[in-house]
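Undergrad:
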Amino acid sequence: MKQKFPKHLSYNYKLNLDDFPTKANDRLSLRVIIPAILIGLMMLLLGVFELNNALYAGAETVYKTTKVLHQPLIGHLVADYAFIIIGLGIVAGAIIAHIRYKKIYFNGRIFDVDFKGVFGEVEMFSENLRNYRGVRMRVEFCQFGILTKNKYIIELEHIDPDKTIPLYISTNSIGVFDIWHYYAKRLEKPTIMDTDEGLKVIDSWDLNKSLKNYLVTTGKASDYAVVPQMPKVFKYIQRSDKTVLVSKKSFWDAISSIAAIWLAVYSAALFLVFYNYPQIAKTTHSVWLLNIGLAIAVLLLVFCLLWLFRKEKIVIKDKRIILIYKFIFLSRKNAEVDIEALKDIEVMRSPVTNRYYLALISQYGVASFGAKMPLESLRWVKKFLIHEVLK
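Throughout the sequence shown, residue numbering follows the numbering used here, covering 116 to 506 in sequence.
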């Protein structure tokens with residue numbers, strides 16, 4: 116059964132626990148509301164403006180004198196009403212988002228929460244800190260205007276999702292794990308994290324330990340003394356100064372397949388342009404601009420193909436784990452993690468693709484590996500890396 120998570124309202128929220136009593140508002144910021152209302156009003160006024168034929172006053176005369184009989188695909192009335200409806204929708208949505216809020220008060224022992232929905236009275240509840248199970252960190256995929264972002268949420272979890280308290284919400288991942296550990300230690304609660312194997316709980320007194328120290332002191336190091344047989348999709352290289360793990364092939368997912376279809380259509384169109392280049396060159400006013408455009412189009416195709424067929428590589432050297440993208444003959448460093456700063460290595464689910472990836476969690480952030488790899492391959496890489504860390 117899919118787990119139910121509470122819906123928090125803000126994109127930028129923090130409950131300060133340095134001093135008590137403390138309070139915070141889980142509410143969409145006016146920095147988002149006001150621009151949304153202004154954009155909605157602009158679209159609404161533009162639709163009304165065009166609906167009164169302000170931009171089409173002399174259009175009929177022009178159309179009558181021209182010999183071109185083509186009609187536009189979409190009539191201007193349809194476009195005008197679409198602008199008006201979309202504009203009204205943006206304004207209404209922004210106002211509704213501003214009406215809704217959660218006000219959280221905390222005196223160090225009791226949480227008091229006031230919730231105001233779109234309709235009805237303000238709902239209130241009080242809950243003692245001891246009734247909460249732990250501090251969860253999760254990532255939620257969200258649409259932020261025309262952009263898609265990850266929303267990093269740290270919350271104090273209750274068995275009743277409606278009583279879960281937001282502690283920190285941001286679309287910026289920098290330092291989020293330090294913040295997560297701060298709340299867990301301040302509230303003296305364990306951290307909670309969803310992994311491929313279920314819920315993982317770490318007590319607050321273990322949060323200052325590195326991954327190696329934690330595994331040794333808790334007696335879990337023996338679980339990684341022997342690494343299972345390496346899957347055939349990987350190649351292992353051991354040298355005097357470094358250890359290298361390389362994927363032998365490129366891994367694809369549904370998005371890769373869609374990209375491949377798009378690239379095939381793009382390549383076919385580019386081939387037709389080159390095939391008919393003499394005819395196209397005769398009709399253009401500037402041949403050098405045409406050539407520059409074609410060069411850019413070819414470079415874009417090459418770049419997309421390299422990215423689509425990229426492989427991933429891990430290099431362990433000088434107490435560092437280096438994650439590398441390999442593009443046929445080229446390589447690019449994706450991330451670098453200090454082994455001493457490693458807090459955890461876990462297989463986690465991506466909210467963007469709904470697939471798993473390997474997360475190397477340090478006090479500075481998270482580095483990801485194998486976003487397109489099968490789950491079993493990721494589990495093997497996790498055991499391999501932890502085995503190398505414990506050496």
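A virtual CB, placed ideally from N, CA and C, is assigned to each residue, including glycine.
Note down the Cα distance separating Y216 from V316, rounded to an integer number of angstroms.
TA: Roughly 30 Å between the two C-alpha positions.
Undergrad: So the beta strand (DSSP E) I411 belongs to, where does it begin and stop?
TA: Careful: I411 lies outside any beta strand (DSSP E), inside the alpha helix (DSSP H) at 402–423.
Undergrad: Just to check my reading of the structure: P305 and G249 have Cβ atoms closer than 8 Å, yes? What is that Cβ distance to the nearest angstrom?
TA: Confirmed, about 4 Å.
Undergrad: Quick one: Cα of L130 to Cα of V481, how far?
TA: The straight-line gap from Cα to Cα measures roughly 23 Å.
Undergrad: Flag V417 as yes if its beta-carbon sits less than 8 Å from any beta-carbon of chain C, otherwise no.
TA: No chain C is present in this structure, which holds just one protein chain.
Undergrad: Could you tell me whether the stretch 352–372 touches the stretch 481–501, where touching means 3 or more Cβ pairs closer than 8 Å?
TA: Output reads yes: the stretch 481–501 touches the stretch 352–372.
Undergrad: Please report how far the alpha carbon of K300 lies from the alpha carbon of D275, in whole angstroms.
TA: If I take the Cα positions, the gap works out to 22 Å.
Undergrad: Applying the criterion that 16 or more other CB atoms from any shown protein chain within 10 Å of the CB defines a buried residue, is K308 buried or exposed?
TA: It is Met, not Lys, that sits at residue 308 in the sequence shown. That one is buried.
Undergrad: Let me make sure I understand the geometry here. Which of E238, F424, R435, D356 has the alpha-carbon closest to that of L445?
TA: Of E238, F424, R435, D356, the residue nearest in Cα terms is F424.
Undergrad: With C-beta atoms as the reference, is Y297 less than 8 Å away from H273?
TA: Contact: no.
Undergrad: Could you tell me the alpha carbon to alpha carbon distance between M157 and M252, rounded to whole angstroms?
TA: Whole-angstrom Cα-Cα distance: 39 Å.
Undergrad: What is the C-beta distance between K335 and V348, in whole angstroms, given that I count them as a contact (C-beta under 8 Å)?
TA: Contact flag wrong, Cβ pair sits at about 27 Å.
Undergrad: Here's a check: name, in chain order, each residue in its chain whose Cβ is nearer than 8 Å to the Cβ of L188, leaving out the five neighbours to either side.
TA: Unreliable placement is indicated for L188, whose pLDDT of 49 sits below 50; the coordinate value is still reported in the next sentence. Taken in chain order, the list of residues that qualify is empty.
Undergrad: Grouping DSSP H, G and I as helix and E and B as strand, with all else coil, what is I429?
TA: Of the three classes helix, strand and coil, the one that applies to I429 here is strand, per DSSP.
Undergrad: Which same chain residues end up closer than 7 Å to E238 when comparing Cβ atoms and leaving out the 5 residues on each side of it in sequence?
TA: Within the same chain, E238 has close Cβ partners F230.
Undergrad: Out of curiosity, what's the CA-to-CA distance linking S477 and Y351?
TA: Going by the C-alpha atoms only, they are around 25 Å apart.
Undergrad: Please give the ranges of any alpha helix (DSSP H) in the stretch 320–364, keeping only runs that are unbroken, at least 4 residues long and fully inside the region.
TA: Qualifying alpha helix (DSSP H) stretches, in chain order: 326–332.
Undergrad: How would you call P281, buried or exposed, if buried means at least 16 neighbouring beta carbons within 10 angstroms?
TA: Buried is the call here.
Undergrad: Just the C-alpha distance for L326 and I431, rounded to the nearest angstrom, thanks.
TA: Approximately 16 Å, taken between the alpha carbons.
Undergrad: Between the alpha carbons of W320 and F198, how many angstroms are there, rounded?
TA: Those two C-alpha atoms are separated by around 56 Å.
Undergrad: Out of D318, K448, T332, state which residue places its alpha-carbon closest to the alpha-carbon of E303.
TA: For the residues D318, K448, T332, the minimum Cα distance to E303 belongs to D318.
Undergrad: Keeping to the same chain, check which residues put their C-beta closer than 7 Å to that of N243; ignore five residues upstream and five downstream.
TA: Contacts found: R224, I225.
Undergrad: Within the same chain, show all residues whose beta-carbon is closer than 8 Å to that of L159, passing over the 5 residues directly before and after it, in chain order.
TA: Result list for L159: F198, I199, G202, L203, V206, in chain order.
Undergrad: Would you mind listing the beta strand (DSSP E) stretches within the stretch 134–170 that are 3+ residues and don't spill past its ends, in chain order?
TA: Qualifying beta strand (DSSP E) stretches, in chain order: 137–141.
Undergrad: Work out the CA separation of L475 and S492 for me, nearest whole Å.
TA: Those two C-alpha atoms are separated by around 15 Å.
Undergrad: Hey, quick one: how far does the beta strand (DSSP E) through V452 stretch, first residue to last?
TA: Taken as a continuous stretch (DSSP letters only), the beta strand (DSSP E) holding V452 covers 445–453.
Undergrad: Find the nearest neighbour of N449 within the set L416, G485, S465, judged by alpha-carbon distance.
TA: N449 has its Cα closest to that of G485, out of L416, G485, S465.
Undergrad: Can you give the Cα-Cα distance for Y283 and V341, rounded to whole angstroms?
TA: So the two alpha carbons sit approximately 39 Å from each other.
Undergrad: Taking C-alpha atoms, which residue in V254, V233, K278, K264 lies nearest to F240?
TA: When only C-alpha atoms are compared, the closest one is K278.
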